[in-house]
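In this note's numbering, the protein residues as written are 214 to 282.
Note that the Cβ used here is the ideal one computed from N, Cα and C, for glycine as well.
For clarity, every value in this text was computed on a predicted model and none was experimentally measured.
A quick write-up on the structure given underneath.
Shown next as structure tokens:
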């Protein structure tokens, strides 16, 4: 799955989807998509990521207590 880093606009390929959708993880591992060479995986805070369309990630992926107000 590709996401976008908010600040730089760079695309990021997520290594493990389960890590992304687990609201108890605030960090995901992914590879920046820069040119044709595969980049080494790095850690990224989920709060700094959005979908390539600019839409925020679902709250249920970020907050384990999303149902409580």
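Shown here for residue 215: same chain residues with a beta carbon closer than 8 Å to its own, the five before and five after excluded, namely 224, 225, 226, 227, 246, 265 in chain order. Put simply, of 256, 253, 261 the residue whose alpha carbon is nearest the alpha carbon of residue 221 is 261. Scanning the region 221 to 276 from its first residue to its last, the whole alpha helix (DSSP H) runs of 4-plus residues come out as 230 to 234, 272 to 275. A straight line joining the alpha-carbon of residue 232 with that of residue 272 spans about 15 Å.
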